[in-house]
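Peer 1:
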Amino acid sequence: MKWQVTIDDNTQIVDLPDDSTASDLVNYLELHPDSLLVLTDEEKMIPIPLVSKLPEKPIRIVLVASGG
Numbered sequence: 015m016k017w018q019v020t021i022d023d024n025t026q027i028v029d030l031p032d033d034s035t036a037s038d039l040v041n042y043l044e045l046h047p048d049s050l051l052v053l054t055d056e057e058k059m060i061p062i063p064l065v066s067k068l069p070e071k072p073i074r075i076v077l078v079a080s081g082g
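Here the sequence shown stands for residues 15 to 82, numbered as in our numbering.
Below, the structure is given as structure tokens:
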């Protein structure tokens, strides 16, 4: 299945198997899972847990920073 994935202002189409999880997407994009949030890209953004199957909706990845 193809998903529209937006990171910052960069939008791309990602083709992964139908049963892919948010973790599969993060690994495909070679991102570190502790530094981001995976959300539906709609008016009301809903978090997608890494272990959950990706919904049939556009996806937004928000990169976060933390420090001490």
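Glycine included, every Cβ here is placed at the ideal spot set by N, Cα and C. From a predicted model like this one, the values you see are computed outputs, not experimental measurements.
Measuring CA to CA, which of 17, 15, 77 is closest to residue 48?
Peer 2: Residue 48 has its Cα closest to that of 77, out of 17, 15, 77.
Peer 1: Would you give the residue range spanned by the beta strand (DSSP E) that residue 40 belongs to?
Peer 2: Note, residue 40: premise wrong, no beta strand (DSSP E); alpha helix (DSSP H) at 36 to 42.
Peer 1: Measure how close the beta-carbons of residue 19 and residue 60 come, nearest whole angstrom, since I'm counting them as under 8 Å.
Peer 2: That belief does not hold up - the Cβ atoms of residue 19 and residue 60 are roughly 15 Å apart, past 8 Å.
Peer 1: Rank 75, 23, 62, 43 by C-alpha distance to the C-alpha of residue 30 and give the top, closest one.
Peer 2: Of 75, 23, 62, 43, the residue nearest in Cα terms is 43.
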